[in-house]
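Sequence order for the protein chains is A and B.
Per the working numbering, numbering through the first sequence is continuous, rising by one, with the last residue being 254.
Per the working numbering, numbering through the second sequence is continuous, rising by one, with the last residue being 384.
We treat Cβ as the ideally placed atom computed from N, Cα and C, and that holds for glycine.
Since the structure is predicted, the reported quantities are computational estimates derived from the model, not experimental observations.
As structure tokens, the structure follows; a few thoughts come after it.
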Amino acid sequence: MNSYPEVVERIANDYLERVKSQLRLVPIREQNEFLAEIESHLYEAYQERPEEDDVARILAVLRNLGEPAEVVYDRLPRKMARSGTARNLPLYVVGGILIALFGIPLGFGGFGLLVGILAALAGMVVAFYATAGSIVLVGALFTLLGLTRTLLPQWFDRLVMLDFVHISAPTAEFLDHFSRSEQNLLIILFGLVWLAVGLGLLWLGRYLFRGLRFLFGLLFDRMRRLAQGFRAKLRQENRDVSHVNQVSLVKSDK
Amino acid sequence: MEYSDEGRDRRITQLRKGILELAVMGVLYHERHYGYSLVGVLCERGSISLKEGTIYPILARLDRDGLVGSEWVESNQGPPRKYYALTASGRQLFDELSREFDLLVSLVRRKPAAPEQPYQIGKKLVVRKR
Chain A
1 MNSYPEVVER IANDYLERVK SQLRLVPIRE QNEFLAEIES HLYEAYQERP
51 EEDDVARILA VLRNLGEPAE VVYDRLPRKM ARSGTARNLP LYVVGGILIA
101 LFGIPLGFGG FGLLVGILAA LAGMVVAFYA TAGSIVLVGA LFTLLGLTRT
151 LLPQWFDRLV MLDFVHISAP TAEFLDHFSR SEQNLLIILF GLVWLAVGLG
201 LLWLGRYLFR GLRFLFGLLF DRMRRLAQGF RAKLRQENRD VSHVNQVSLV
251 KSDK
Chain B
255 MEYSDEGRDR RITQLRKGIL ELAVMGVLYH ERHYGYSLVG VLCERGSISL
305 KEGTIYPILA RLDRDGLVGS EWVESNQGPP RKYYALTASG RQLFDELSRE
355 FDLLVSLVRR KPAAPEQPYQ IGKKLVVRKR
């Protein structure tokens with residue numbers, strides 16, 4: 001500050017801080033310019049006050065200048081400046097009731113629906129991969145058993161004896177129609193078919209992933225565009241309010 | 255029935271508030287001023303009692319609409335001062351507003367605005383919203 005007594009400087013700085021806090025949504029350059037203008041005003045007014053007491057002088061200056069909110073009015077974004085003014089109250093009351101009756105339940109309903117859809121999609125993915133994984137496992141086990149029965153028949157018989165391999169009666173009756181080597185071939189073929197189906201499902205899964213990724217990408221893109229549009233609107237509004245003329249600092253000879 | 259002092263004061267304040275922007279433009283039409291000196295001129299010449307801070311929203315509005323230009327000037331007595339002056343479009347608008355104001359004054363005082371255009375009963379007073 002400019003050659004004020006310390007206590008006056010503190011009071012003036014406090015006022016300027018309050019003005020600054022009111023201007024927090026205004027661009028920095030405009031903030032600084034306006035604060036400099038008010039600082040100049042305080043200094044001029046202080047010099048001309050007739051009071052002898054320093055504190056009384058600066059307080060009288062601030063009283064005449066008014067509250068920071070009044071001083072910065074019309075420098076704030078329009079929505080902020082309007083926030084304290086009178087509004088059409090009945091309309092707002094009706095709007096509030098409508099939002100409470102429909103908006104909030106619909107909002108919660110929409111949120112619940114969104115969560116439900118996401119959970120269903122996640123469940124579908126898990127179920128798909130669990131099924132594909134099970135089929136691959138079954139196919140691999142049958143192929144392995146078929147190969148064991150062909151190449152190491154004593155190991156297979158031992159597994160049957162230990163009850164690790166259990167063949168149901170209808171299956172055994174069906175297999176009895178074939179020779180042992182044909183049975184082995186059938187088991188291996190059965191296992192390979194299941195293995196192929198399982199691997200095929202896993203391969204198809206990547207399309208499922210791509211589809212879901214596309215779906216979520218679309219959803220998030222829409223949300224991002226919405227947010228960007230909202231931000232652009234806010235920025236435009238700030239620009240409207242913070243239009244400042246080109247300022248030049250001129251040295252005067254006066 | 256007599257009017258109350260409070261009601262009278264409120265109406266005077268409203269009237270002055272309404273023409274304050276025009277008064278500011280009128281002062282800046284002839285000479286450039288910084289905020290504090292502008293308040294001084296309005297209070298001294300116009301006998302207007304106002305909160306000094308109310309001048310800044312008006313200046314901000316005029317500035318935003320391109321009706322005033324500003325310039326910082328160093329002062330050897332203290333911090334630099336921001337001087338304001340009407341721009342060409344500000345002057346043009348002030349001329350138009352002055353004519354409207356004269357018409358209003360003439361209506362209030364029941365005098366014709368100009369000798370060649372006497373006030374006619376039934377003529378509509380149009381107040382344009384800007």
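Going by the DSSP bridge assignment, what does residue i pair with across the sheet?
i, result
"glutamate 285 (chain B)", "Note: glutamate 285 (chain B) sits in no beta bridge, so no partner."
"alanine 120 (chain A)", "None, per the DSSP bridge assignment."
What are the boundary residues of the alpha helix (DSSP H) that includes residue i?
i, result
"valine 71 (chain A)", "68 to 72"
"threonine 171 (chain A)", "169 to 175"
"aspartate 317 (chain B)", "309 to 318"
"glutamate 306 (chain B)", "Where glutamate 306 (chain B) is concerned, there is no enclosing alpha helix (DSSP H), given that its DSSP letter is neither H nor E."
"arginine 158 (chain A)", "153 to 161"
"isoleucine 11 (chain A)", "6 to 22"
Check whether the Cβ of residue i lies closer than 7 angstroms to any Cβ atom in chain A.
i, result
"alanine 314 (chain B)", "yes"
"glycine 261 (chain B)", "no"
"glutamate 306 (chain B)", "yes"
"lysine 336 (chain B)", "yes"
"glycine 280 (chain B)", "no"
"glycine 332 (chain B)", "yes"
"arginine 270 (chain B)", "no"
Can you give me the start and stop residues for the beta strand (DSSP E) that residue i sits inside?
i, result
"valine 322 (chain B)", "322 to 329"
"proline 50 (chain A)", "Here proline 50 (chain A) belongs to no beta strand (DSSP E), and DSSP marks it neither H nor E."
"lysine 336 (chain B)", "332 to 340"
Which residues of chain B have a Cβ atom closer than 7 angstroms to the Cβ of residue i, listed in chain order?
i, result
"aspartate 74 (chain A)", "Pro311, Ala314, Arg315"
Look at the Cβ atom of residue i, then the Cβ atom of residue j, and state whether they are nearer than 7 angstroms.
i, j, result
"glycine 332 (chain B)", "tyrosine 43 (chain A)", "yes"
"glycine 323 (chain B)", "isoleucine 309 (chain B)", "no"
"tryptophan 194 (chain A)", "glycine 139 (chain A)", "yes"
"isoleucine 312 (chain B)", "glutamate 275 (chain B)", "yes"
"leucine 340 (chain B)", "tyrosine 283 (chain B)", "yes"
"arginine 315 (chain B)", "aspartate 221 (chain A)", "no"
"glutamate 70 (chain A)", "glycine 307 (chain B)", "yes"
"glycine 229 (chain A)", "alanine 132 (chain A)", "no"
"threonine 148 (chain A)", "glycine 191 (chain A)", "no"
"arginine 57 (chain A)", "arginine 49 (chain A)", "yes"
"valine 93 (chain A)", "aspartate 54 (chain A)", "no"
"glutamine 22 (chain A)", "valine 72 (chain A)", "yes"
"lysine 336 (chain B)", "glutamate 37 (chain A)", "yes"
"proline 68 (chain A)", "valine 19 (chain A)", "yes"
"proline 334 (chain B)", "glutamate 325 (chain B)", "no"
"leucine 175 (chain A)", "glutamine 183 (chain A)", "yes"
"valine 281 (chain B)", "valine 293 (chain B)", "no"
"leucine 35 (chain A)", "leucine 65 (chain A)", "no"
"arginine 262 (chain B)", "isoleucine 302 (chain B)", "no"
At 9 angstroms on the CB atoms, spell out the chain A contacts of residue i, in chain order.
i, result
"tyrosine 288 (chain B)", "Glu37, Ser40, His41, Glu44"
Less than 7 angstroms between CB atoms is the rule here; does residue i satisfy it with respect to chain B?
i, result
"valine 125 (chain A)", "no"
"serine 83 (chain A)", "Per-residue confidence for serine 83 (chain A) stands at a pLDDT of 49, beneath the threshold of 50, marking its modelled position as unreliable; no derived number is given."
"asparagine 245 (chain A)", "Note that asparagine 245 (chain A) scores a pLDDT of 39, beneath 50, so its modelled location is shaky; the value from the coordinates is reported in the next line. Chain B contact via Cβ: present."
"lysine 79 (chain A)", "Note that lysine 79 (chain A) scores a pLDDT of 49, beneath 50, so its modelled location is shaky and nothing firm can be said."
"glycine 66 (chain A)", "yes"
"lysine 251 (chain A)", "Unreliable positioning characterises lysine 251 (chain A) in this predicted model, as indicated by a pLDDT of 39, which lies under 50. The coordinate reading is nonetheless provided below. So yes, lysine 251 (chain A) belongs to the interface."
Measure from the C-beta of residue i to each C-beta in chain E and report whether the shortest distance is under 7 angstroms.
i, result
"glutamate 70 (chain A)", "No chain E is present in this structure, whose protein chains are A and B."
Output, in chain order, the set of chain B residues within a Cβ distance shorter than 9 angstroms of residue i.
i, result
"asparagine 13 (chain A)", "Near asparagine 13 (chain A) there are no residues of chain B at all, since even the closest Cβ is about 13 angstroms away, more than 9 angstroms."
Please confirm whether any heavy atom of the ligand HEM lies closer than 6 angstroms to the CB of residue i.
i, result
"asparagine 13 (chain A)", "Absence of the ligand HEM is noted for the structure shown, with no ligands found whatsoever."
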